[in-house]
Amino acid sequence: MDDLTNEELFSQIEEHLKCTELNWLMGAGISFDAKLPLMYPLTNKVKKDLKADDQDVFDKIVAPLFTELPQECHIEHILSHLGDYAALAERSKDKKISINGAEVTLVELQEAHRLILDSISNVIRSGYVEDKAGNTTEQGTIAEPIVEIDSHLEFVDTLFNHAGAGIYERRKSVNIFTTNYDTLLEDALALNKIPYWDGFSGGAVAHRTQRYGEPLPTNGQRANLIKMHGSIDWFLCEKGHVWRVRDNVRYPKADRRVLIYPQATKYIATQQDPFSAQFDLFRKALNSSNSNVLAVCGYSFGDDHINNEIEFALSKDDNRTVLVAFLECREEIPSCLERWRKSSYGSRVIIASLHGLYVGAQGPFKRKDDDDYWWTFKGVTSVLKNGCEV
Numbered sequence: 236m237d238d239l240t241n242e243e244l245f246s247q248i249e250e251h252l253k254c255t256e257l258n259w260l261m262g263a264g265i266s267f268d269a270k271l272p273l274m275y276p277l278t279n280k281v282k283k284d285l286k287a288d289d290q291d292v293f294d295k296i297v298a299p300l301f302t303e304l305p306q307e308c309h310i311e312h313i314l315s316h317l318g319d320y321a322a323l324a325e326r327s328k329d330k331k332i333s334i335n336g337a338e339v340t341l342v343e344l345q346e347a348h349r350l351i352l353d354s355i356s357n358v359i360r361s362g363y364v365e366d367k368a369g370n371t372t373e374q375g376t377i378a379e380p381i382v383e384i385d386s387h388l389e390f391v392d393t394l395f396n397h398a399g400a401g402i403y404e405r406r407k408s409v410n411i412f413t414t415n416y417d418t419l420l421e422d423a424l425a426l427n428k429i430p431y432w433d434g435f436s437g438g439a440v441a442h443r444t445q446r447y448g449e450p451l452p453t454n455g456q457r458a459n460l461i462k463m464h465g466s467i468d469w470f471l472c473e474k475g476h477v478w479r480v481r482d483n484v485r486y487p488k489a490d491r492r493v494l495i496y497p498q499a500t501k502y503i504a505t506q507q508d509p510f511s512a513q514f515d516l517f518r519k520a521l522n523s524s525n526s527n528v529l530a531v532c533g534y535s536f537g538d539d540h541i542n543n544e545i546e547f548a549l550s551k552d553d554n555r556t557v558l559v560a561f562l563e564c565r566e567e568i569p570s571c572l573e574r575w576r577k578s579s580y581g582s583r584v585i586i587a588s589l590h591g592l593y594v595g596a597q598g599p600f601k602r603k604d605d606d607d608y609w610w611t612f613k614g615v616t617s618v619l620k621n622g623c624e625v
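Going from the sequence shown to this note's numbering is simple: count from 1 and add 235.
So this is what it looks like as structure tokens:
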């Protein structure tokens, strides 16, 4: 490092990650080493599955939706678009809408939605790897999955059993917010024997107890796991109840659908929408009256809903949240982060990138001469364990 000022800047990150009120926001990037696909490879895989399972649904509904959306759209955008069409069909007199000149019924839209969710669930359970050209290089099955948990295990062990040394008594429960559908974080918490709360009560079959507006419980748990976009083991039954049900469990017997991605509830009648409750907890965490940190890893700032919540919180005059984003930024910094770091609250926006450290409008300050991979999931774990020294 060039001078003491730079050294102090890097030590700030270490101190922020020791904050007694610590929140993590984790996205798909943390599961890359686990052999789970990022959004575009996942989209490719879902397309392949739909063509194989129901070519008619793909040709009549899904393919036209891709042509209606921007070229960079992915499968979550398709789910949103499909949900919007389903809402229109549900309100119409004959329960139909037109897509690309073809008449499509509400039942057909719901079936397409189900097929996509089932495909996503199977891919996340099984594992799937593509090369940069879009060719399948490794693929698991439900019977023989290839998903690995090593990186998650090491992160959780470091966060709670090493990085927390000396502040365990003072630190509140760590909030882990994630957009991921997989169960690797909760599995890693359990395998590391870390008591955690996830909004459900029960065992292999559990029912959702958290309601919108309720605060986080204080029952001595060391972590709160809040899944912003649902999970492959969440199901909505015909009575409107949300269940967490592990693989191969065939009850409750009521017709149920997997609850992943918030759009799934926009045309399904339920009085227990879990997604609103999850975002309410996120909002409350960011608006704490105490000094707090939102550390981000594996999330590319592509979700407007989440970004808006972060921006709204940071921009409040009395807000005390510090954002520490571990993000590649190989070509450019995401536009929202670029705007935030140059704003009046920019001093509370810190980016640990491939090119070095940005603090507000300043930077990058380099730890090393070549590319710096501290922004990866393994890199973050290393920072927690060893600090910022190279």
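Glycine included, C-beta positions come from ideal geometry on N, C-alpha and C. Treat the numbers as computed from the prediction; the structure is a model and nothing was measured.
My assumption, with CB atoms under 8 Å, is that Ile359 sits in contact with Asp417. Please give the rounded CB distance.
By one-based count along the sequence shown, residue 359 stands at place 124. By one-based count along the sequence shown, residue 417 stands at place 182. Sure, about 5 Å apart at Cβ, within 8 Å.
Does DSSP put Arg443 in a helix, in a strand, or in coil?
Stepping through the sequence shown from its first residue, residue 443 is reached at position 208. Looking at Arg443 - three-state DSSP - the assignment turns out to be strand.
Any chance the segment 275-282 sits against the segment 574-591, with 3 or more Cβ pairs inside 8 Å?
Contact fails between the segment 275-282 and the segment 574-591, because fewer than three Cβ pairs, one in each stretch, are under 8 Å apart.
Alpha carbon to alpha carbon, how far is Glu338 from Leu589? Give it in angstroms, no decimals.
Here residue 589 refers to the residue found at position 354 when the sequence shown is read from its first residue. Here residue 338 refers to the residue found at position 103 when the sequence shown is read from its first residue. Distance between the alpha carbons of Leu589 and Glu338: 49 Å.
Where DSSP assigns a beta bridge to Lys331, which residues make up the other side?
Reading the sequence shown from its first residue, position 96 is the one you call residue 331. For Lys331, which the question treats as bridged, DSSP gives the partners Thr340.
In the DSSP assignment, the beta strand (DSSP E) including Lys253 goes from what residue to what residue?
Residue numbering aside, residue 253 sits at position 18 when the sequence shown is read from its first letter. Segment: none, Lys253 is in no beta strand (DSSP E) and carries neither H nor E.
Just how far apart, CA to CA, sit Pro450 and Asp515?
Within the sequence shown, the letter at position 215 stands for residue 450. Within the sequence shown, the letter at position 280 stands for residue 515. Those two C-alpha atoms are separated by around 9 Å.
At least three beta-carbon pairs within less than 8 Å, the segment 580-595 to the segment 606-616:
Result yes; three or more Cβ-Cβ pairs closer than 8 Å.
Can you tell me which of the three DSSP states Ala458 falls into?
In the sequence shown, counting from the first residue as 1, residue 458 sits at position 223. Collapsing the DSSP output to three states places Ala458 in a strand.
Neighbourhood of Leu388 by C-beta distance below 7 Å, restricted to the same chain and skipping five residues each side:
Mapped onto the sequence shown, residue 388 falls at position 153. Result list for Leu388: Ala423, Leu426, Asn427, in chain order.
Pair every Cβ in the segment 469-481 with every Cβ in the segment 362-381, then say whether three or more of these pairs are closer than 8 Å.
In short, these stretches do not touch, since the Cβ pair count stays below three.
When the Cα of Ala441 is compared with those of Asn241, Lys620, Met261, Tyr486, which residue comes out closest?
Locating residue 441 in the sequence shown gives position 206, where the first residue counts as 1. When C-alpha distances from Ala441 are compared across Asn241, Lys620, Met261, Tyr486, the shortest belongs to Tyr486.
Whole angstroms are fine: how far does the CA of Gln345 sit from the CA of Gln506?
Within the sequence shown, numbered from 1, the residue matching residue 506 stands at position 271. Within the sequence shown, numbered from 1, the residue matching residue 345 stands at position 110. The predicted position of Gln506 is uncertain, since its pLDDT is 42 and thus under 50; a value taken from the coordinates is nonetheless stated next. Here the alpha carbon of Gln506 sits roughly 20 Å from the alpha carbon of Gln345.
Residue span of the beta strand (DSSP E) that contains Thr302, given as start and end
Translated into positions along the sequence shown, residue 302 becomes position 67. Note, Thr302: premise wrong, no beta strand (DSSP E); alpha helix (DSSP H) at 298-303.
Which one of Lys551, Phe600, Thr453, Arg443 has the shortest CA to CA distance from Cys472?
To locate residue 472, count along the sequence shown from 1; it is residue 237. Nearest to Cys472 by C-alpha distance, out of Lys551, Phe600, Thr453, Arg443, is Arg443.
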